[in-house]
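**Q** Anchor point for the sequence shown: position 27 equals 33 in the numbering used here, and the numbering is continuous, going up by one each time.
Pasting a structure here, questions to come.
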Amino acid sequence: MGVFASMFNRLLSRKEEISILMIGLDAAGKTSILHKLKIGGAFVTTCPTIGLNVEKIEFKNLSFTIMDIGGHEKIRPLWKHYFKGVRGVIFVVDSNDADRISEARYELQVLLSEDELKDAAVLIFANKQDLPRSLSAESLATRLELPPASTRAWHVQPSCACTGEGICAGLDWLSLQLARALPPPPRPDPAACALTAARLARNTRIPIKRN
Numbered sequence: 007m008g009v010f011a012s013m014f015n016r017l018l019s020r021k022e023e024i025s026i027l028m029i030g031l032d033a034a035g036k037t038s039i040l041h042k043l044k045i046g047g048a049f050v051t052t053c054p055t056i057g058l059n060v061e062k063i064e065f066k067n068l069s070f071t072i073m074d075i076g077g078h079e080k081i082r083p084l085w086k087h088y089f090k091g092v093r094g095v096i097f098v099v100d101s102n103d104a105d106r107i108s109e110a111r112y113e114l115q116v117l118l119s120e121d122e123l124k125d126a127a128v129l130i131f132a133n134k135q136d137l138p139r140s141l142s143a144e145s146l147a148t149r150l151e152l153p154p155a156s157t158r159a160w161h162v163q164p165s166c167a168c169t170g171e172g173i174c175a176g177l178d179w180l181s182l183q184l185a186r187a188l189p190p191p192p193r194p195d196p197a198a199c200a201l202t203a204a205r206l207a208r209n210t211r212i213p214i215k216r217n
């Protein structure tokens, strides 16, 4: 039974494909966070994103297609073209750059008002926590003037792209929000399962015991 249970687990478990938008002001650390998610390991210096980076990240039982869009002010008008079908937003803020918090707040408020993103969970990385003047997650949440948590699913996660600290914790929160919103998986058909078991047994030469 253990062999068949393992087979059925592989057959029935499927990773949900979920579109995630990763945005924020330029130089906030978006691409560095995406790089850390993709390969982990040592920190790699990245160039400013001109356009779009797309990566697939498997995290727990979810498969994220993450679209990292450049944050330069000339590119921001293009963000809206990527909203359709997005289930989650990762908004990255340079928490050490106090002079640009108001600019980040404005762009985030515009995003939160978009009808196509009204059901999207919003993960905000308070990035660059390793720097001495970085705002705490609590202070950043206040400065961003976020809506009541009862009206919108959002979370501010302190992070450091250089070390990877906080990144997986943020993805844990986002995964939980998205998993709750997924429809339940279809119940397997017993007849189809029996047929699949017979085929697997023939292919792997595992005899089926009959009572």
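Positions of the beta carbon are idealized from the N, C-alpha and C atoms, including for glycine.
Out of curiosity, what's the CA-to-CA distance linking Ile107 and Asp125?
**A** Translated into positions along the sequence shown, residue 107 becomes position 101. Translated into positions along the sequence shown, residue 125 becomes position 119. Near 24 Å, if we compare the C-alpha coordinates of Asp125 and Ile107.
**Q** Between which two residues does the beta strand (DSSP E) carrying Ser145 extend?
**A** Within the sequence shown, numbered from 1, the residue matching residue 145 stands at position 139. First-last for Ser145: Ala143 to Leu150, but that is the alpha helix (DSSP H), not the beta strand (DSSP E).
**Q** Distance, Cα to Cα, Leu137 vs Gly172?
**A** In the sequence shown, residue 137 corresponds to position 131, counting from 1. In the sequence shown, residue 172 corresponds to position 166, counting from 1. A direct Cα-to-Cα measurement between Leu137 and Gly172 gives close to 15 Å.
**Q** Excluding the 5 residues preceding and the 5 following Glu109 in the sequence, name in chain order all residues of the same chain whose CB lies nearer than 7 Å to its CB.
**A** Along the sequence shown, one-based indexing puts residue 109 at 103. Within the same chain, Glu109 has close Cβ partners Leu31.
**Q** Take the Cβ of Ile75 as the centre, count every other Cβ of all protein chains shown within 10 Å, and call the residue buried at 16 or more, exposed below.
**A** By one-based count along the sequence shown, residue 75 stands at place 69. So Ile75 ends up on the buried side.
**Q** On a CA-only basis, which of Ala132, Pro154 and Gly94 is nearest Arg186? Give me that one, please.
**A** Mapped onto the sequence shown, residue 186 falls at position 180. Ranking the options by Cα distance to Arg186, first place goes to Gly94.
**Q** From the DSSP output, which residues share a beta bridge with Gln219?
**A** The structure shown has nothing for residue 219, since the chain only spans 7 to 217.
**Q** Answer with buried or exposed for Ile96, where buried requires no fewer than 16 other C-beta atoms within 10 angstroms of its C-beta.
**A** Working through the sequence shown from its first residue, we reach residue 96 at position 90. Burial call: buried.
**Q** With three or more C-beta pairs closer than 8 Å as the rule, is the segment 128 to 145 touching the segment 153 to 171?
**A** yes
**Q** Buried or exposed, going by whether 16 or more other CB atoms sit within 10 Å of the CB of Ala34?
**A** Position 28 of the sequence shown, counted from the first residue, corresponds to residue 34. By the neighbour-count rule (16 or more Cβ atoms within 10 Å), Ala34 is buried.
**Q** Could you spell out the range, first to last residue, of the beta strand (DSSP E) harbouring Glu61?
**A** Numbered from 1 along the sequence shown, position 55 holds the residue referred to as residue 61. Counting along the chain, Glu61 sits inside the beta strand (DSSP E) bounded by residues Leu58 to Phe65.
**Q** What residues match up with Ser25 in a beta bridge as DSSP calls it?
**A** As a first step, residue 25 is located in the sequence shown; it is residue number 19 there, counting from the start. Note: Ser25 sits in a beta bridge opposite Thr71 and Val92.
**Q** Can you give the beta carbon distance from Leu141 to Ala155, rounded, assuming they're within the 8 Å contact cut?
**A** Here the question's residue 141 lines up with position 135 in the sequence shown. Here the question's residue 155 lines up with position 149 in the sequence shown. At roughly 19 Å, the Cβ-Cβ gap does not stay under 8 Å, so Leu141 and Ala155 are not in contact.
**Q** Going by other Cβ atoms of all chains shown within 10 Å of its Cβ, with 16 needed for buried, is Ser119 buried or exposed?
**A** Here residue 119 is taken as the residue at index 113 of the sequence shown, counted from 1. Its Cβ having fewer than 16 others within 10 Å, Ser119 is exposed.
**Q** Assuming Ala167 and Ser38 are in contact, meaning their beta carbons sit under 8 Å apart, how far apart are those beta carbons, in whole angstroms?
**A** Looking up residue 167 in the sequence shown gives position 161. Looking up residue 38 in the sequence shown gives position 32. Contact between Ala167 and Ser38 holds, with the beta-carbon distance rounding to 4 Å and staying under 8 Å.
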